[in-house]
Structure formats: structure tokens, C-alpha cells
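S.K.: Just so you know, the sequences run in chain order F and G.
No gaps in the numbering here: position 57 of the first sequence is 172 in my numbering, and each next residue is one more.
No gaps in the numbering here: position 42 of the second sequence is 157 in my numbering, and each next residue is one more.
Even for Gly, the Cβ is constructed at its ideal location relative to N, Cα and C.
Note that the coordinates shown come from a computational prediction; the quantities given were computed from them, not determined experimentally.
If you scroll down you'll find the structure; I have some questions about it.
Protein chains: 2
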Amino acid sequence: MTRQAPASDADLLFRVFNEVGIIAQLSSTAFERVMPEGMTLAQFTILNHFVRLGGRKRPSDLASAFQVTRATMTSTLQRLEPKGLVQIVPDESDGRGRLVEITQAGRAMHEDCLRRLAPLLDDILAQAGRGPFAAALAPLAEIREKLDRMRD
Amino acid sequence: MTRQAPASDADLLFRVFNEVGIIAQLSSTAFERVMPEGMTLAQFTILNHFVRLGGRKRPSDLASAFQVTRATMTSTLQRLEPKGLVQIVPDESDGRGRLVEITQAGRAMHEDCLRRLAPLLDDILAQAGRGPFAAALAPLAEIREKLDRMRD
DNA sequence: ATTATATAGTTCGACATCAAATCATAGGAG
DNA sequence: CTCCTATGATTTGATGTCGAACTATATAAT
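The following block contains the structure:
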């Protein structure tokens, strides 16, 4: 039902990356459609990080945590800060660095996002069940880890 | 090894979408780093479509085939056409429509891309093996299919 | 101390992407 | 035939993303 067996290993990889690309696309736009006006997945991901782990982080540490360039992180932080969702202060111990932390408004926004996301996740679970997700998680984590390591 | 079991179904979905997002990011930038100057994954994907299936397609059909908006397809075609990789002609049977087809230069570019991609795929296979890809393909296809259907 | 190299952050230009608005043509209802 | 709605394509404005170039500070080498 899911088509024929791949003709080669290259073909297999091609198909996996293709599915991954489409799912990333569909899921991120579905997420953003239910989020509060102006919030994006990239911005939410940063708020989520601080809600889970707390503390302060340098922009470059956030960049490597999320596998984006420092330039990308600069850009995203420049949208979060004016909205008052994060606060950025100079790093006293390093004249080059800055430190990012979440604000109360940021926590509230995160809560709001989670509330709005819940029905969407329920919908997806109702449609697909947890089966394919449970089956996909471990192999995806392994692929991600290897690709990640290849970058260095 | 791959962390703890998810605390909830929502958490499971979260993690899968997170892995998918990172893999999509890493793979597309890895692809683009080996491609000829100026070629992107989005552009290659279109050439690939025509090499595999031939014929002519309307932009809106391409858009739905690749799960992007018509606006996105317009933008990508506007980069391919000036490079002479595709040709766009008016649709005689519909005054609104246009028809896209690949050119000889487009086929040559596609060949070149494939040649450059091969070592990268070999690299990935050497690092990760085909195992995780084979394990991930079917569940990913199922997830994609369900998400896809939810859009309508 | 001076110089060289590395690192943190930003800026810039390019591309992909979306949503919303717009324009043109097609097709159907009266 | 006229009007209304649907559809194909484009434009516009915003965001995320990259790589490359740049500024400033830190660290190491001599």
C-alpha cells in the first residue's frame, strides 16, 4: 500500500528525506496557523526551551542547541525581544557575549501556545494514532544524531 | 540511549516533529552545499519531477504535488526560467493557465546534481546504515498521508 | 607587549515559504 | 447575455534560514 520497495539505497534515502521535508512543512504551518498572531514555531521553540530548562543562555548556545546558525538566532531573538518575551543582558564575564532569559510575558505566551496546540495534537492523534509516531521516533533520532555528527 | 519514554502522547508527537524538523533542516542544507552554485533543493525537486515523469504541468499542479502554495511555486519558477532550466508557455486550452516543461539545459543540470549528490548519500549511508531509513520510511509515509488529508 | 588566531554577535544578500490581496479568465445561474 | 463565483497566477509583506563578510573582544604565541 505504501508503494513499492525502493530500487536502491540512494532511492530509500531520497524517499525518507522527501517525506521528512513534507512533514516538516505541513506540521510547522499547521502549528503556526493555531498560534497567537505573530508567533512562529522558531520563536515558540525558544520559549519552550527556557520554560523547560530555565536559566540564561548565550545566543550561540541556543543556536547550536537548535541546529541553526548564529545569524538565524540573532534574527529570531530580534523579534522576541521587542515583544518583551525574552530579555537580553550583557554577559559580565565576557565582553563579547550576551545572555538571554525568558520573561513573565514569555511564560504566559508559552502557556497560551500550549493551550492552542492541544486540540491540534488531539486531531492528529485521532487521525493517525500514536503507532506511526512511536515507530518513527527511534530511527529518526538515530538519523538526526548521525547527520548532526557529520556536520563537524 | 535515546532518552526516556515519552511522558504522554503529546510529548511523543512533539519529539517526532522536532526530530523531523531538524533532519529536514540538516539534510536540505547538506544537499545545497554540494549542489552547483545557485541551485536549491526546491529547484532541484522540480527538475527531478520532470525528469522522472516528463510532460508538461501547470504551476498549480506542481504546487499541490509538492505541498506548497501557488505563490511559492511562482517564486521558484521565476528563478528556474531565467536560467533556462524550464520553459513556460501559455496554456492554449485555458487563458488563465501556463504550462511548464523542462529544457535540455534543465536535464543536464539535473544530471550534474545527481552526480554531486551521490558521494553525499554514500557518506550518510556509511555513517548511519540503511537500517534507520528502512525503519522510518513506512511510518513517515503514513504520518505524511494523514497530515496531508487533514489539510482539505 | 605585540601579534595572530579564535570566538560572540551582527549585518547583508539571497532564497523558500506562507497568508492575504489582486487580476484575469472560466463556468454556471438566471 | 449578465452576474456571481471559482480557479490560475502573481504580487506584496513578513518570517526563517543560510553563507559570507564584518566588528569587537578574548586567548594564545612569541
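Alpha carbon to alpha carbon, how far is L162(F) from A243(G)?
M.R.: On the first sequence, residue 162(F) is found 47 positions in, with the first residue counted as 1. On the second sequence, residue 243(G) is found 128 positions in, with the first residue counted as 1. The straight-line gap from Cα to Cα measures roughly 32 Å.
S.K.: Could you work out which residues of chain F lie near P247(G), taking near to mean beta carbons separated by less than 7 Å?
M.R.: As a first step, residue 247(G) is located in the second sequence; it is residue number 132 there, counting from the start. Residues of chain F passing the Cβ test: P254, E257, I258.
S.K.: With respect to the beta strand (DSSP E) encompassing E216(G), which residues constitute its N-terminal and C-terminal limits?
M.R.: Here residue 216(G) is taken as the residue at index 101 of the second sequence, counted from 1. Taken as a continuous stretch (DSSP letters only), the beta strand (DSSP E) holding E216(G) covers 213-217.
S.K.: Look at the alpha carbon of T160(F) and the alpha carbon of K261(G), and state the distance between them as a whole number of angstroms.
M.R.: Residue 160(F) sits at position 45 when you count from the first residue of the first sequence. Residue 261(G) sits at position 146 when you count from the first residue of the second sequence. Using only the alpha carbons, I get a separation of about 24 Å.
S.K.: Spatial neighbours of T155(G) within its chain, please: C-beta separation below 7 Å, excluding the five flanking residues on both sides.
M.R.: Against the second sequence, residue 155(G) aligns to sequence position 40. The residues are E147.
S.K.: Closer than 8 Å is the cut-off here; do at least three beta carbon pairs connect the region 163-174 of chain F with the region 213-225 of chain F?
M.R.: Output reads yes: the region 213-225 of chain F touches the region 163-174 of chain F.
S.K.: Please classify S142(F) as buried or exposed, where buried requires at least 16 neighbouring CB atoms within 10 angstroms.
M.R.: Sequence index remark: in the first sequence, residue 142(F) carries index 27 (1-based). Per the 10 Å Cβ criterion, buried.
S.K.: Could you tell me which residues DSSP pairs with V201(F) in its beta bridges?
M.R.: Working through the first sequence from its first residue, we reach residue 201(F) at position 86. Answer is I217(F), bridged to V201(F).
S.K.: Pull up the CB-CB distance for V135(F) and L255(G), whole angstroms please, since I reckon it's below 8 Å.
M.R.: Position 20 of the first sequence, counted from the first residue, corresponds to residue 135(F). Position 140 of the second sequence, counted from the first residue, corresponds to residue 255(G). Correct: roughly 7 Å between the Cβ atoms.
S.K.: Quick one: using the 10 Å Cβ neighbour count with 16 as the cut-off for buried, is R185(G) buried or exposed?
M.R.: Taking the first residue of the second sequence as position 1, residue 185(G) is located at position 70. The residue is exposed, with fewer than 16 neighbouring Cβ atoms inside 10 Å.
S.K.: Comparing C-alpha positions only, which one of L240(G), T218(G), I258(G) sits nearest to L236(F)?
M.R.: Taking the first residue of the first sequence as position 1, residue 236(F) is located at position 121. The shortest Cα separation from L236(F) among L240(G), T218(G), I258(G) belongs to I258(G).
S.K.: Whose Cβ in chain G lies nearer than 9 Å to the Cβ of L262(F)?
M.R.: Sequence index remark: in the first sequence, residue 262(F) carries index 147 (1-based). The answer, in chain order, is I137, I138, L141, S142, A145, I239, Q242, A243.
S.K.: For a quick check, are the C-beta atoms of G166(G) and R231(G) less than 9 Å apart?
M.R.: Translated into the one-based positions of the second sequence, residue 166(G) becomes position 51. Translated into the one-based positions of the second sequence, residue 231(G) becomes position 116. Correcting the residue type first, residue 166(G) is Val in the shown sequence and not Gly. No, they are not a contact pair.
S.K.: In whole angstroms, what separates the C-alpha of S208(G) from that of R194(G)?
M.R.: Stepping through the second sequence from its first residue, residue 208(G) is reached at position 93. Stepping through the second sequence from its first residue, residue 194(G) is reached at position 79. When rounded, the distance between both Cα atoms is 26 Å.
S.K.: So which residues on chain G does L127(F) lean against when the C-beta distance must stay under 8 Å?
M.R.: Here residue 127(F) is taken as the residue at index 12 of the first sequence, counted from 1. Neighbours of L127(F) on chain G, chain order: R245, F248, A249, L252.
S.K.: When we look at the beta-carbon of Q219(F) and count the other beta-carbons within 10 Å, is it buried (16 or more) or exposed?
M.R.: What you label residue 219(F) is simply residue 104 of the first sequence in a count that begins at 1. Answer is exposed; the Cβ neighbour count stays below 16.
S.K.: For the alpha helix (DSSP H) that contains A178(F), what are its first and last residues?
M.R.: Along the first sequence, one-based indexing puts residue 178(F) at 63. Looking at the DSSP string, the run of the alpha helix (DSSP H) that includes A178(F) is 174-180.
S.K.: Buried or exposed: where does V131(G) fall if 16 or more other Cβ atoms within 10 Å of its Cβ makes it buried?
M.R.: In the second sequence, counting from the first residue as 1, residue 131(G) sits at position 16. Answer is buried; the Cβ neighbour count reaches 16.
S.K.: Is the separation between the beta-carbon of A139(G) and that of I138(F) shorter than 9 Å?
M.R.: As a first step, residue 139(G) is located in the second sequence; it is residue number 24 there, counting from the start. As a first step, residue 138(F) is located in the first sequence; it is residue number 23 there, counting from the start. Their beta carbons are under 9 Å apart, which means A139(G) touches I138(F) by this criterion.
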